[in-house]
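Q: All letters in the sequence shown, in the order written, are residues 38 to 374 by our numbering.
Here a beta-carbon is modelled for each residue, glycine too, at the ideal position from N, C-alpha and C.
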Amino acid sequence: AHLESYGRLRDVRVTVLCGGIGGARFLLGLRTLGHDVTAVANTGDDLTVLGLRISPDVDSIVYTLGGGISTERGWGREGETFRVRDELTAYAESVAAASALVPSWFGLGDLDLATHLIRSRWLADGVALSTATRWLCERWRTGVTVIPATDDSVETHVHLNDATTVHFQEWWVRFRAQVPATHFEVRGAAAATPAPGVLEAIAEADVVLFAPSNPVVSIGVILEVPAIADAVRSTSAPVVGLSPIIGGAAVRGMADACLSAIGVSTSAEAVARHYGCRRDGGLIDGWLVDDVDEAAVGVLREAGISCRAVPLLMHDVDATAAMARAALDLALGGARD
Ligand code: GDP
Ligand code: CA
38 AHLESYGRLR DVRVTVLCGG IGGARFLLGL RTLGHDVTAV ANTGDDLTVL GLRISPDVDS
98 IVYTLGGGIS TERGWGREGE TFRVRDELTA YAESVAAASA LVPSWFGLGD LDLATHLIRS
158 RWLADGVALS TATRWLCERW RTGVTVIPAT DDSVETHVHL NDATTVHFQE WWVRFRAQVP
218 ATHFEVRGAA AATPAPGVLE AIAEADVVLF APSNPVVSIG VILEVPAIAD AVRSTSAPVV
278 GLSPIIGGAA VRGMADACLS AIGVSTSAEA VARHYGCRRD GGLIDGWLVD DVDEAAVGVL
338 REAGISCRAV PLLMHDVDAT AAMARAALDL ALGGARD
């Protein structure tokens, strides 16, 4: 749909592919614009700890939109305590049969545990992850429809340069992505089907956005589900991304370690080229870079990607809302160019 001035339309449908913290913060700003927002969340970080199924990116999104996120840590709950984890650690340190079961590096908070308990029980009862996520959203009143990319088990495993393989969470949290990765294996993705509502949300959107999330282990993993990448390639909606890379570095996190593992340099321009122009079989029509990366605008336009430089630091909700507005402007042909 060609929408001359989206600001006057009440029911612009915006579908956002997103990871955890970067995705969640972006949604918080986008939500203030009052559009109909669906978030398609990465599930590659999901893991099982002590029989509990944990969905870190979904939880970051739900807690952030629900006002329950720890603003200081950026993940997990505000006012969190870790008494259960400490008790588990005591078992792990004194009982051989416990030590392999308790990952000392995983931040299993007491409040967070309630989410994992209730979700795991639902899943054990045969409830789909997407349904369980919808129920979490009811409690947190997210105001945004949050759908995990798939209900199938899709987990990112990292091949290290010593030929061993670890779950993405272990590489990210325990090794701080400091052990060089040679390959990200997105287990289960090739055979996975999108969760109910995902394909419709992409096909029927007025705008599809890539949040300023990790291009490899967040957005890249969502796109490893073949039908999702196909839907992005074929939607009639414009597809616009926001760069998570500013001035040659990730704003937070270790995205550079992920990008170098797949041979992409850590720059706003390189990430846009990695996604590729939809006209040439790629995934995006437009790309927002930060003002400091202004030099990328001309070259990306020449490569067929419509591009603008705007402030891209999400330091508060207003700044983030302005980023979301700029993305919708770029997608829907608003004022500036
Ligand atoms: P994760 O799953 O928790 O790692 O979160 P995401 O994948 O959604 O987002 C991580 C990415 O967000 C990182 O690559 C950061 O560079 C990016 N990011 C974090 N804060 C900002 C910000 O203020 N502006 C921009 N442009 N990117 C950000
Ligand atoms: Ca993540």
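#1: Considering only heavy atoms of ligand 2, does any lie closer than 6 Å to the CB of Gly56?
#2: With His311 as the anchor, note down where its alpha helix (DSSP H) starts and where it stops.
#3: So Leu320 and Val269 are supposed to be a Cβ contact under 8 Å. How far apart are they, rounded?
#4: Return helix, strand or coil for Ile299, following the three-state DSSP convention.
#5: What runs of the alpha helix (DSSP H), each 4 residues or longer, lie entirely inside the region 152-189?
#6: Consider the C-beta atom of Pro185 and the heavy atoms of ligand 1; say whether any pair is separated by less than 6 Å.
#7: Mind checking His39: buried by the 16 CB within 10 Å criterion, or exposed?
#8: Taking 7 Å as the cut-off, decide whether the C-beta atoms of Leu325 and Arg345 are in contact.
#9: Hey, quick one: how far does the alpha helix (DSSP H) through Ile265 stretch, first residue to last?
#10: Residues in its own chain within less than 7 Å of Leu65 by CB, not counting five upstream and five downstream?
#11: What are the complete alpha helix (DSSP H) segments, minimum 4 residues, inside the region 103-158?
#12: Taking all protein chains shown into account, decide if Arg373 is buried (16 or more other Cβ within 10 angstroms of its Cβ) or exposed.
#13: My output table needs one value for Leu246: the three-state DSSP class, helix, strand or coil.
#14: Between the C-alpha atoms of Asp328 and Ser136, what's the straight-line distance to the nearest angstrom?
#15: Under 8 Å, with one C-beta from each stretch per pair, do the region 247-263 and the region 183-193 reach the 3-pair mark?
#16: From the DSSP secondary-structure annotation, give me the bridge partner or partners of Val203.
#17: Going by Cα to Cα distance, which pick from Gly278, Leu296, Thr182, Gly144 is closest to Thr219?
#18: Might you give, ordered along the chain, the residues of its own chain that have their beta carbon closer than 8 Å to the beta carbon of Trp159, omitting 5 neighbours on each side?
#19: Use the C-beta contact count for Thr298: other C-beta atoms within 10 angstroms, 16 or more gives buried, fewer gives exposed.
A: So, from the listed chains and residues:
#1: A heavy atom of ligand 2 is found nearer than 6 Å to the CB of Gly56.
#2: Taken as a continuous stretch (DSSP letters only), the alpha helix (DSSP H) holding His311 covers 305-312.
#3: Contact flag correct, Cβ pair sits at about 5 Å.
#4: Under the three-state reduction of DSSP output, Ile299 falls in the coil class, being neither helix nor strand.
#5: As far as the region 152-189 is concerned, its whole alpha helix (DSSP H) runs of at least 4 residues are 166-177.
#6: No; taking the cut-off as 6 Å, the Cβ of Pro185 has no heavy atom of ligand 1 nearer than that.
#7: For His39, the pLDDT reaches just 47, beneath the cut-off of 50, and the residue's location in the model is therefore unreliable, although a value from the coordinates is still provided. Under this definition His39 is an exposed residue.
#8: Arg345 sits close to Leu325, with the two beta carbons spaced by under 7 Å.
#9: Where Ile265 is concerned, the enclosing alpha helix (DSSP H) stretches over 263-271.
#10: Excluding residues within five positions, the ones whose Cβ falls inside 7 Å are Thr101, Leu102, Val354, Thr357.
#11: Qualifying alpha helix (DSSP H) stretches, in chain order: 120-131, 133-136.
#12: In this predicted model, Arg373 has a pLDDT of only 40, less than 50, meaning its place in the structure is not dependable; the value taken from the coordinates is given anyway. Arg373 comes out exposed.
#13: It is a strand residue.
#14: Between Asp328 and Ser136, the alpha-carbon positions lie close to 49 Å from each other.
#15: Using a C-beta cut-off of 8 Å, the region 247-263 makes contact with the region 183-193, since at least three inter-stretch Cβ pairs fall below that distance.
#16: Per DSSP, Val195.
#17: Closest by alpha carbon: Leu296.
#18: The answer, listed in chain order, is Thr168, Ala169, Trp172.
#19: The question names Thr, but residue 298 in the sequence shown is Ala. Its Cβ being crowded by 16 or more others within 10 Å, Ala298 is buried.
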